[in-house]
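With this note's numbering applied, the sequence shown corresponds to residues -2 to 1265, in that order.
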Amino acid sequence: MLPVNNLLFSVILIKIFPVSKVLQVAIFDSTFLRKNMVLMISDDYSLSSHLSEAGSKLVVIDFYADWCGPCRYIAPIFEQFSQQYTEAVFVKVNVDLCRQTSAVYGVSAMPTFVFVRNNQEVDRMMGADVSELERKIMQHLSRNTTSLDSQKVATHQERQFLEKFVQFSHRMEVYEDEVAQTLALSVMPSEKLKEKSCNLGEVNQLELLKNLLRWFKVDFFNWVDTPKCEMCGTVTSSSSRIKGMPTDEEKEFGADRVEVYNCQHCSKEVRFPRYNDPVKLLETRRGRCGEWANCFALCCRALQFETRWVHDESDHVWCEVWMNDMDRWIHCDPCENVLDTPLLYEKGWGKKLNYVIAFGLDHIRDVTWRYTFDHLKTIKRRTACREAILRNFFKKLNARFERVMTAERKKELDRRYLNELIEFLSPNLQLRGESSSEYQGRTTGSVEWREKRNELGVKSESCKSTSTILRPNDNELADKIFRQFLFYRLEYNCAKDEYKRGENVIGGWENLISKHKDVFRKEEVDWKMCYLCRREGKSNGELCWSFDLDGLSIKTFSVQLNGITKYEDGNILVLVCCGDTCNMLPESGHLTIESPKDGRIDVKVLFSGGIGQLAWQHAQLFRSELKSCEADFIGDDKARNHEHEYLNLKVFQEENSQERGMIGHTVDHAKHKDCSLSDSLLNAFPDCKSKLEWMQSGWKTHSCYAQNGVNGSLCSFVIYLSEVEHHCPVLEWRKRIFKPHERQYIPAKIQRNVSALMDLMFDNDVNYQFIKGRISRLWPRWLSAYDDNLLRWPKTLINRRKLNIVIHMGFLSKESGFKFGEKATAGGPLGELVQWSDLISALYILGHNLFISTEYDAFKHNMATFSNVTPCDVSSNRSLGVVFTDIVGVRYMRRHMKQFFLEKKCLLRVLDSFGTHAEFNSPLYFSTHKHELGGRTNPWGGNGLELQQFMTMYPHTDDNTFLGFVVETHSVNESSVRTNDTLVYGKEIYMWNGSEKLLDKVNELSQLHATVADMNEFATQRVFNHGLLNGFEWHSLLRRVKIFLGLGFPLEGPAPLEAIANGAIFINPIFKPSKSRKSYAFFAEKPTLRELTSQNPYVERFIGRPHVITVDITNMSAVEKAVREALSYESIPYLPFEFTASGMLQRVNILINKQNFCGKSAFPPNQALKVVYANRSQSCEKACSTNGLICERSFFDLLNQDSVVNRTNDCEEIKKIASPLAPYKCHIQAERMLFSCASVPHDSWTERICPCRDFIRGQNALCSLCLF
């Protein structure tokens, strides 16, 4: 230990030396400071007691995060201050461990310092400003201790500031007046607007809002800088404006102020009353932003949009509109005709926003953080009122609304507010990006008027050529890693209009151009597209990037240029010139020059051609969707590059292979770096912790780990698992110096030769007899499905990797004893065979390598194919991509392939006809709750997989993944007459047992038919039996009968959908009581608590009348009524899209490419999350369904946070609990495996917090964002 005088010397150094040396000395000596100088808070329960103990002492609280660089910078200085200013109490709060406390104090950036006295906040500051922190400490220590009451009281200036908000809080009431709304509708072309917004017969609310906005801006309202003279029509001058007194008539319409101008032409006085009555504004149709937002809000309410009026204290007004489909408030500015571009004012106009407040009919919200990007600077500008006073003031105003509010409305507003807070504050749900449309300056008003207000825009300067020649700067040349491996990397993204040079971002396409002529960046607002092109009327255009390589030993120069779009005869020529040689860029857009000559390299783009007046637009470079940069939620380079059209330039120097590891650079570089991972990061990567534990000893099991730079240190483990296997988050300091290269992969392409597929199925001919027959019959339909997907969703079928996929159908093996293959032609169950046939067809036609087996010897052989692939080859073309099997196959792997199951079970996809629930997936939970789960064994459960790895026939439970199957239909003789006959559902005679009364009743009204191999005497007397039919005969029969009658078994087979697809009406037996594991022998050992309400719950829930009539078949009067109803319906074939070949192909393709259980998955995207609070005794599955949504299990991690389960701040303690009901109020989930959508609370107080998402109509497995 150092002597005391060394410690004193280090403090002197802190006072004298620059920041870099302060850090070095302080960090070195901080371990010797007295630990009681700074109180460390690591939970949500300790701070309040420390504040109470402090009493009237000043308490300085540092809200910090371990991963925050500025926090680490100021930490030792904060400790120094704790020794220097001993009359104050210094506290550090870790925001990742104390989320509830951070939320209470409104912490939105780190570090945040909050100053507290007498348990009340007196001041705060954000940022690591040492001098400002010390100034505030001294300032508050110098003040006399004030009373508790004085801290709660607003000052005179604060009261003046807050008064306006009381008046504004009632503004929305005027828009609820029915007369006002009717008058608004009378001037609006509402029917035309709705007609334009229709999609498949339904009005799209977002499109309706866009059309309303466009009509209001273009056709209805007018902007006024200065009014025209009513006498002579001359526009008045702002220099003549004076303030006038409103007349009684003007006051009647809310004009509390009037601008008076003098006409310079005829000397007449021109009055411009600033009306606040929106009905009057329907008449005048003119004004500035206040009048525009006022009148537009009324129009929105007239069309029944829930609307908020938004006040910007820096002098602007606009609206927010609630979109049910998007489950959020969206920004809407009628003056600018812009929608959902909240950063327009800060990033585009250059406004310095401070207070932005939204006023709804029954609530008020501070939404400043939606409209500002740099919260640190924003908080410094909020000086008109203390934050604690402002929050308390809005709380009181909202409390007035809540007194007359229904409980349902309050619950809904609380839910919305929580979602807003998550949007504002949560880093893993940050929905805001940077749209290039948000960089435009203000468009309304004269240039002179906008210039006076400094709202022309931050990028309104005229374009100038910078004559930039690119060369590595001093910092780049000084960087060892940069100098040895990656000399230069430059990217340009047109959607964002920015370059990335290493970690630096440079805005503006022209800022790194050496030369450009008659080229500009065009934004098409209507089409939401942007690109570089020639200036209007110019026949030629040119631009050039130049690189100075003189004196540098360059290995390769690589150009990747995407997004060349040509119309008519437009042309773009790209030349890469080095010395006296020019190379033309090929159509692929990629060119690499090996060992280029020293000197200068120019990348030239020449624009020409085109026809007519728009010829200048017929050659476009980097054409991109503007919206593509509004939400930057894609992490890896590969995905991002497909999202935007871009330029990517790379220059590599000669590499030192001895120093460079395969994972990017030497691990030695990490010796002095922080490689620890916080709990919040580990929670986002659920497999990371277990993988790190395994690596401690497992890294020596194969030499490939050492070849990838693993050396036994924590850093090497984290770097490998994050950058090679992607199980862990990439370290912050690695992001700055490492760019993962795109691995070369074989692309997946359509495979049309079905005979080659047949050759892959050979280990047991009997097992494949049905499968091969079905594949052959449906193959033309699969080919058409592929073409349909390629036409409608082309992006989903390009740039796909060809995967190695093992398929093992364990239920067909001899060892299973089920003999499904043998029974298939004798009336046995076909559901599983149908699903496997369709899965094989889809995977094969999508272009993947298949290794198919039904017997264990073939399965072992197929798995051995990949035994020589090293465990590090996770992304190579030789690696195993996915293993499809069933529960029988899983049980075999757990016994005979233990090592694979232990290490690679994340690759498994398990076809599970009836689904698996969380309670049975966890062996520990089942064993400790066996009695309440039915008291039986669990032979099909206890596999410990992610629940979404189980893939079901129907969308039984939202916890599992819906795989589905294809409903087979055939073209039959349409001239055949459909009779009022009934076909009974049941191919084996035992299914008919106990149905005598039912059959007698139906037989009174309709002739009965059957397709049973061996009918008994009873049935033969009543039924015309066709025996077993082939596919064509079966579908032909379904086309002739009117009714398909269910007997209650088999459960959830494919036949009802086949009947409905052929125009028959399915009578679906209802189960009273419902059938489940606890009450029905068939479900006795199945790993699910599902309660079946009918023979086929899917058709009951998602189809219904007139195609499905669900009825109690033990009630003969109800049966008679149902049969008569069915006979009265017109027979109309119906088939949900998700059960067509096209629908299943789309679903399998998305799932196989995007679902990832071997690392952090971005599927579905976080933006799809919609939070729903369940009622008591309600599952999340039910709560989401009630709201027209689907529960998304993968989102539970996002909600399993203290701030979410304690949103009302009334939890005395946040408990961790291993329960399938968690998270719920005051309880978070301790065991990820137990996250459950389906579990139902059996008490009267648990209200679950549910992660929901929308779904594509007719495609339940996919959300609306899942295709992109």
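Positions of the beta carbon are idealized from the N, C-alpha and C atoms, including for glycine.
Predicted model only: the values in this text are computed from it and were never measured.
I believe residue i touches residue j by the beta-carbon criterion, under 8 Å. Please report the beta-carbon distance rounded to the nearest angstrom.
i	j	result
Y61	A51	Not really, about 19 Å apart at Cβ, beyond 8 Å.
I1147	C1234	At roughly 20 Å, the Cβ-Cβ gap does not stay under 8 Å, so I1147 and C1234 are not in contact.
D956	R1190	5 Å
N1059	E1097	So it is not a contact: roughly 19 Å between Cβ atoms.
L988	P1047	Checking the sequence shown, residue 988 turns out to be Met, not Leu. Yes, M988 and P1047 are in contact; Cβ-Cβ is about 7 Å, under 8 Å.
Pick helix, strand or coil for residue i, following the three-state DSSP scheme.
i	result
L340	coil
K857	helix
Q77	helix
R305	strand
F1193	helix
N1059	coil
F962	coil
Q97	helix
P936	coil
M323	coil
V1294	Only positions -2 to 1265 of the chain appear in the structure, and residue 1294 is not among them; the question remains open.
F217	helix
G538	strand
C1260	coil
F1265	coil
Leaving out five residues on either side along the sequence, give the residues of the same chain with a beta carbon under 8 Å from the beta carbon of residue i.
i	result
P186	W212
A1180	V1169, Y1170, A1171, N1172, C1188, R1245, C1247, C1249
P67	M107, P108, G124, A125
R975	R1036, R1037, V1038, K1039, G1060, S1128
For the alpha helix (DSSP H) holding residue i, just list the boundary residues, first then last.
i	result
Y841	828 to 842
N291	286 to 299
S139	127 to 139
D1199	1199 to 1202
R388	384 to 400
L44	44 to 51
T1107	Counting along the chain, T1107 falls outside any alpha helix (DSSP H), though it belongs to the beta strand (DSSP E) covering 1105 to 1108.
Q1143	1138 to 1151
N918	915 to 918
From what residue to what residue does the beta strand (DSSP E) around residue i run?
i	result
D883	879 to 883
F863	Unbroken run through F863: none, as it is neither H nor E.
E256	255 to 259
E591	587 to 591
Ordered along the chain, which non-local residues of its own chain (more than five positions away) have a Cβ less than 7 Å from that of residue i?
i	result
Q1338	The requested residue 1338 is not part of the displayed model; the chain covers only -2 to 1265.
T281	Y272
F1232	A915, R1190, F1193, Q1226
S687	none
Quick one: what's got a C-beta closer than 6 Å to residue i's C-beta in the same chain, skipping five residues either side?
i	result
S237	Y258, N259
W696	Y702, V707
I608	E565, D566
H1204	According to the sequence displayed, residue 1204 carries Arg and not His. If we look at R1204 and ignore the five residues flanking it on each side, its Cβ neighbours are L415.
C903	F1154, C1155
D684	H724
With 8 Å set as the bound, which would you pick, yes or no: does the beta-carbon of residue i sit closer than that to a beta-carbon of chain B?
i	result
N1184	Any reference to chain B falls outside this structure, which holds one protein chain only.
Original post:
Should the region 1101 to 1117 be called in touch with the region 1075 to 1087, which here means at least 3 C-beta pairs below 8 Å?
Top reply: Contact fails: fewer than three Cβ-Cβ distances are below 8 Å.
Original post:
Within the chosen definition, does the region 847 to 860 reach the region 791 to 807 through at least 3 CB pairs nearer than 8 Å?
Top reply: The region 847 to 860 makes contact with the region 791 to 807: 3 or more CB pairs, one atom from each, lie closer than 8 Å.
**OP:** Mind the definition here: the region 1156 to 1165 touches the region 1208 to 1225 only if three or more C-beta pairs lie below 8 Å; say whether that holds.
**Re:** Judged by Cβ distances under 8 Å, the region 1156 to 1165 makes no contact with the region 1208 to 1225, as fewer than three pairs qualify.
Original post:
Is the region 341 to 359 touching the region 303 to 314 in the sense that three or more CB pairs, one from each, lie closer than 8 Å?
Top reply: Yes, the region 303 to 314 touches the region 341 to 359.
Subject >> At least three beta-carbon pairs within less than 8 Å, the region 784 to 800 to the region 744 to 763 >> reply: Verdict: yes, contact present.
**OP:** Take every Cβ of the region 806 to 821, pair it with every Cβ of the region 773 to 781, and state whether three or more of those distances are shorter than 8 Å.
**Re:** Too few Cβ pairs lie closer than 8 Å, so no.
Original post:
Three or more beta-carbon pairs under 8 Å between the region 527 to 538 and the region 611 to 622, yes or no?
Top reply: Contact between the region 527 to 538 and the region 611 to 622 is present, with at least three C-beta pairs closer than 8 Å.
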